[in-house]
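Protein chains in written order, with the working numbering: chain A, 2 to 116; chain B, 608 to 722.
Ideal Cβ positions, reconstructed from N, Cα and C, are used throughout, including at glycine.
Computed from a prediction, not measured in an experiment: that's the story for all the values here.
Here's the structure we're looking at; comments come further down.
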Amino acid sequence: GAGVSQSPRYKVAKRGQDVALRCDPISGHVSLFWYQQALGQGPEFLTYFQNEAQLDKSGLPSDRFFAERPEGSVSTLKIQRTQQEDSAVYLCASSFTTSGIYEQYFGPGTRLTVT
Amino acid sequence: AQSVTQLDSHVSVSEGTPVLLRCNYSSSYSPSLFWYVQHPNKGLQLLLKYTSAATLVKGINGFEAEFKKSETSFHLTKPSAHMSDAAEYFCVVSGLTSGTYKYIFGTGTRLKVLA
Numbered sequence: 002g003a004g005v006s007q008s009p010r011y012k013v014a015k016r017g018q019d020v021a022l023r024c025d026p027i028s029g030h031v032s033l034f035w036y037q038q039a040l041g042q043g044p045e046f047l048t049y050f051q052n053e054a055q056l057d058k059s060g061l062p063s064d065r066f067f068a069e070r071p072e073g074s075v076s077t078l079k080i081q082r083t084q085q086e087d088s089a090v091y092l093c094a095s096s097f098t099t100s101g102i103y104e105q106y107f108g109p110g111t112r113l114t115v116t
Numbered sequence: 608a609q610s611v612t613q614l615d616s617h618v619s620v621s622e623g624t625p626v627l628l629r630c631n632y633s634s635s636y637s638p639s640l641f642w643y644v645q646h647p648n649k650g651l652q653l654l655l656k657y658t659s660a661a662t663l664v665k666g667i668n669g670f671e672a673e674f675k676k677s678e679t680s681f682h683l684t685k686p687s688a689h690m691s692d693a694a695e696y697f698c699v700v701s702g703l704t705s706g707t708y709k710y711i712f713g714t715g716t717r718l719k720v721l722a
């Protein structure tokens, strides 16, 4: 069956440009998460959606980052005025429930390089 | 608060020999624990999970992990390494923080399998 998909897989942006990263979760999954994975590190939580509601954005590193999931399915992570420190892999994950005992299913990630 | 410590950043084993990847966790209540594997340019794949049922958990591809509350450990093992096991492995604790179940990732262990 279809898993979590993300696009683009690779994105190169010049410093100061805006970027938009897309996530298509598994159909019917209630929960959607965004993570940032710096080189050589484990993923770090950015934000969480339950259906269309953004319930937690405590991990967003600055006000240049924002995310939306307007219809409770596809989500977009937008980064404005990109900086070099934004270079990382951005992972999206979804889960069919809101409970933490169930696994999250991850997409392949978008590798963002800011030059 | 929850946290995870992966004790080895790199582990090398010979093909056919046992694998041991170490993980210690900290949690203020009974945690849910997961091991994920990440192959290059691939998404994170769930190997196994512990959610307060049996303490010895069997996963895919011959991997196992044992939850030891007294040692706050959740080490990953495999009796015989295969070349295809070479990848990055992440130990994860799922914790309720500010009303949201979040994954807290360890920093990862890179497993190298020598022919």
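In this structure, DSSP gives D87/A a helical state, which the three-state scheme calls helix. Close partners of S100/A in chain B (Cβ separation under 8 Å): Y708.
When DSSP states are grouped into helix, strand and coil, I80/A belongs to the strand group. Beta-bridge partners of A14/A (DSSP): V115/A. A residue is called buried when at least 16 other Cβ atoms come within 10 angstroms of its Cβ; T111/A meets this threshold and is buried. The beta carbon of F67/A sits no closer than 7 Å to any beta carbon of chain B. Linking A660/B to P71/A through their CA atoms gives a straight-line distance of about 37 Å. Residues of the same chain with a CB within less than 8 Å of the CB of V664/B, apart from the 5 flanking positions on each side, are L655, K656, Y657, E671, A672, E673, F674 in chain order. Less than 7 Å separates the beta-carbon of A89/A from that of Q38/A.
Within the DSSP bridge table, the entry for R717/B names H617/B, E695/B as partners. Per the DSSP secondary-structure output, I711/B pairs in a beta bridge with V700/B. Boundaries of the beta strand (DSSP E) harbouring T48/A: 45-51, taken from the DSSP string. When the beta-carbon positions are compared, T114/A and V13/A come within less than 7 Å of each other.
For T612/B, the pairing in a beta bridge is given by DSSP as N631/B.
Among the residues of chain B, none has a CB under 8 Å from the CB of L22/A; the nearest is roughly 14 Å distant. Distance from the CA atom of L40/A to the CA atom of T48/A, rounded to whole angstroms, is 20 Å. Scanning chain B for C-beta atoms nearer than 7 Å to the C-beta of F50/A yields nothing, as the closest lies near 10 Å away. The beta carbon of Q645/B is closer than 7 Å to those of L651, A694, E695, F697 in its chain, skipping five residues each way along the sequence. Contact with chain A is absent for T679/B, since none of that chain's Cβ atoms lies less than 7 Å from the residue's Cβ.
If you look at E671/B, you'll find it in the beta strand (DSSP E) that goes 671-675.
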